[in-house]
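Below you'll find the structure, written out as structure tokens, and then a few comments.
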Amino acid sequence: MTKLLTRRTILGGAALGAGGLLSGCDALNRSPAFQNLLATAETGNFHVQRALGDRMELASEYTIADLSPTFRANGTRNPDTQNYNASAANGFSDWQLRLFGLVNKPQSFSFAALQSMPQRTQITRHDCVEGWSAIGQWTGVPLKLLLDLAQLRDTANFLIFHCADSLGGRPYYESTDLLDAFHPQTIIAHRLNGELLPIENGAPLRLRVERQLGYKHAKYLTGIEAVASLDGIGEGKGGYWEDVANYEWYAGI
Amino acid sequence: MQFMPQPDRSDRKIRHRLTTRIWHWVNALCLLVLIMSGLTIFNAHPRLYWGEYGANDDYAWAAVGSSQTIGYVRFGETRFDTTGYIGNWEDRNGNIQTWAFPDWATIPSSYSLADGRRWHLFFAWIFSFGLAFFMIRSLWNRHIQRDLHLRRKDWHPSAIWADIRNHARLRFHAGQREGSYNILQRLSYIGVIFVVLPLMIFTGLAMSPAMDANWPWLTDIFGGRQSARSIHFIGMALLILFFLVHMITLLLAGPWRLTRSMITGRDSKEAMND
Chain A
1 MTKLLTRRTI LGGAALGAGG LLSGCDALNR SPAFQNLLAT AETGNFHVQR
51 ALGDRMELAS EYTIADLSPT FRANGTRNPD TQNYNASAAN GFSDWQLRLF
101 GLVNKPQSFS FAALQSMPQR TQITRHDCVE GWSAIGQWTG VPLKLLLDLA
151 QLRDTANFLI FHCADSLGGR PYYESTDLLD AFHPQTIIAH RLNGELLPIE
201 NGAPLRLRVE RQLGYKHAKY LTGIEAVASL DGIGEGKGGY WEDVANYEWY
251 AGI
Chain B
1 MQFMPQPDRS DRKIRHRLTT RIWHWVNALC LLVLIMSGLT IFNAHPRLYW
51 GEYGANDDYA WAAVGSSQTI GYVRFGETRF DTTGYIGNWE DRNGNIQTWA
101 FPDWATIPSS YSLADGRRWH LFFAWIFSFG LAFFMIRSLW NRHIQRDLHL
151 RRKDWHPSAI WADIRNHARL RFHAGQREGS YNILQRLSYI GVIFVVLPLM
201 IFTGLAMSPA MDANWPWLTD IFGGRQSARS IHFIGMALLI LFFLVHMITL
251 LLAGPWRLTR SMITGRDSKE AMND
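Top to bottom, those sequences are chains A and B. Number 116 in the UniProt record's numbering belongs to position 116 of the first sequence; there are no gaps in the numbering. Number 74 in the UniProt record's numbering belongs to position 74 of the second sequence; there are no gaps in the numbering.
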């Protein structure tokens with residue numbers, strides 16, 4: 001019986017098994033039906049994580065002593081368009097954040113107006129989908145205050161965050177549902193570690209949506225649009241990375 | 001079939017219950033997919049840290065280094081050249097790739113963080129439910145108490161030492177009933193089922209920003225998100241070690257008979273004398 005088990009059959013079997021497994025997995029990976037099956041886990045994660053805690057549960061907050069010595073920047077480090085560079089040269093004094101779409105009173109906030117509104121400062125951990133983390137202190141206007149001014153209509157279900165940067169010729173954008181939009185830690189940040197937001201971290205304005213991964217935290221914000229559905233925006237998946245690389249729209253895990 | 005009297009098979013007995021067999025193979029598949037898709041995720045940032053934060057400018061206790069000419073793995077201040085295997089390797093088309101782990105070890109074989117995460121998080125659900133089901137079922141049918149429980153006399157250093165010596169001499173069943181597990185076997189099964197596998201689930205969850213809001217104590221238990229990620233990776237290494245030992249002992253103890261018994265559940269007396 002054990003004579004069958006020579007080194008050659010073991011190695012050959014292992015190589016065949018590994019090769020077959022790999023091409024099998026790659027074939028499955030290309031199958032839309034199998035991708036849809038895998039994506040059901042995203043729906044599961046979303047509902048379980050939302051059900052587990054108080055829906056307004058806060059992400060952990062830290063102290064100054066816990067700050068990362070340097071806060072890593074990722075994605076676009078400088079939008080580098082003519083308009084952006086001109087605005088940056090003026091200290092973003094002409095920057096406008098529009099709040100439009102399914103709202104009763106569309107708004108446009110200047111950089112100075114946002115800085116003079118009530119602020120929230122929070123020291124939180126930024127978790128990248130790639131696996132690294134950085135702790136930073138963010139100061140900004142709670143998004144809820146802006147939404148209260150604009151008065152969302154009942155038909156609004158999502159907020160689209162429009163950005164000044166593009167990657168590979170496509171404009172960056174992101175989206176959240178209203179639960180995260182009204183969360184107390186969801187702010188339009190303009191300061192990092194007490195200083196004006198550096199360009200590489202999203203100057204002059206970036207979103208903080210603390211219970212989700214880094215790619216949801218859109219930088220270089222120019223507009224917030226209330227919509228009924230994500231269809232028809234980009235490729236309809238709710239964000240740049242969701243559209244181009246199949247990242248999950250719900251980035252809680 | 002198996003509920004009918006089978007006089008010609010009276011020398012056979014049930015070695016593994018159906019629930020144990022189903023879980024064993026489902027779990028084996030899940031762990032294979034989880035490890036390979038996990039390596040894809042690791043490739044996105046092949047550096048490990050202790051504490052809450054950790055990114056490129058922070059000190060990594062372990063890291064993979066890559067360039068077009070060399071690949072290496074660094075632990076602390078010690079570098080190991082891994083050119084050709086980790087950090088710098090040739091893909092199937094003969095191109096040099098500088099991702100940490102090579103194509104044959106990852107799902108999918110060409111780097112896609114989003115796809116790796118989809119595979120990982122989908123199979124994590126099956127793995128977690130399977131483990132919970134197996135634990136409850138095995139406590140209920142007394143598999144744990146009967147076959148894996150270590151009695152006080154087993155903990156005696158001389159008993160453990162004797163078992164280590166028997167293993168070193170490749171005598172796995174010296175002085176005990178055939179079909180029962182020896183001390184080292186029980187310890188490793190208990191360690192994997194009740195320590196390492198649950199640890200993988202909890203360190204995995206501790207990396208989730210939404211879980212951080214829901215269960216902040218979970219990340220704290222492990223000393224921070226980056227510590228949880230490091231422990232998650234070390235747990236994977238332990239599982240690979242367990243798998244290798246599992247395969248070596250299987251080869252030494254009778255691979256066909258034991259594999260067959262984990263499929264059919266049955267064992268035969270004459271085969272035991274192989």
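A virtual CB, placed ideally from N, CA and C, is assigned to each residue, including glycine.
- Taking a Cβ-Cβ threshold of 9 Å, the residues of chain B close to glutamate 130 of chain A are Ile41, Ala44, His45 and Leu113, in chain order.
- Here serine 68 of chain A is buried. Its C-beta has 16 or more other C-beta atoms within 10 Å.
- In summary, valine 195 of chain B is exposed, with fewer than 16 beta-carbon neighbours lying within 10 Å of its beta-carbon over all protein chains present.
- Cβ atoms of isoleucine 144 of chain B and alanine 159 of chain B stay farther apart than 8 Å, at about 20 Å.
- In terms of Cβ geometry, leucine 221 of chain A and alanine 181 of chain A do not form a close pair [threshold 9 Å].
- Across the structure, serine 112 of chain B and threonine 40 of chain B are spaced so that their CA atoms are roughly 7 Å apart.
- Per the Cβ contact rule, the stretch 44-56 of chain B is not in contact with the stretch 136-150 of chain B (fewer than 3 Cβ pairs under 8 Å).
- Closest by C-alpha distance to serine 60 of chain A, out of A/Asp177, A/Arg98, A/Ile123 and A/Glu130, is A/Ile123.
- With a contact defined as Cβ atoms closer than 8 Å, isoleucine 96 of chain B and aspartate 81 of chain B miss out at about 15 Å.
- Under DSSP, the beta-bridge partners assigned to proline 171 of chain A are A/Ser166.
- Tryptophan 23 of chain B and phenylalanine 46 of chain A have their C-alpha atoms spaced approximately 27 Å apart.
- Interface with chain A (9 Å Cβ-Cβ cutoff): serine 261 of chain B is excluded.
- Judged by DSSP secondary structure, alanine 228 of chain A falls outside any alpha helix (DSSP H); it is assigned neither H nor E.
- One finds Ala213 and Asn214 in chain B with Cβ atoms closer than 7 Å to the Cβ of glutamate 57 of chain A, taken in chain order.
- Distance from the Cα of isoleucine 126 of chain B is smallest, within the candidate group A/Gly140, A/Leu38, A/Leu143 and A/Lys105, for A/Leu38.
- One finds nothing in chain B with a Cβ atom closer than 8 Å to the Cβ of alanine 218 of chain A; even the nearest lies about 16 Å away.
- When Cβ-Cβ separations below 9 Å define contact, serine 31 of chain A makes no contact with chain B.
- DSSP links valine 103 of chain A through a beta bridge to A/Leu152.
- Nearest in C-alpha terms to arginine 77 of chain A, of all of A/Arg208, A/Ala251 and A/Leu197, is A/Leu197.
- Excluding the 5 residues flanking it on each side, glycine 214 of chain A has same chain C-beta neighbours closer than 6 Å at His126 and Cys128, in chain order.
- Below the 8 Å Cβ cutoff, chain B contributes Ser208, Ala210, Met211 and Asn214 as neighbours of glutamine 49 of chain A, in chain order.
- Just so you know, the alpha carbons of tyrosine 85 of chain B and leucine 244 of chain B end up roughly 19 Å apart.
- Among the residues of chain B, none has a CB under 9 Å from the CB of tyrosine 215 of chain A; the nearest is roughly 10 Å distant.
- Per DSSP, isoleucine 70 of chain B lies in no beta strand (DSSP E) and is assigned neither H nor E.
- Alanine 63 of chain B has B/Arg47 and B/Arg74 as its beta-bridge partners, per DSSP.
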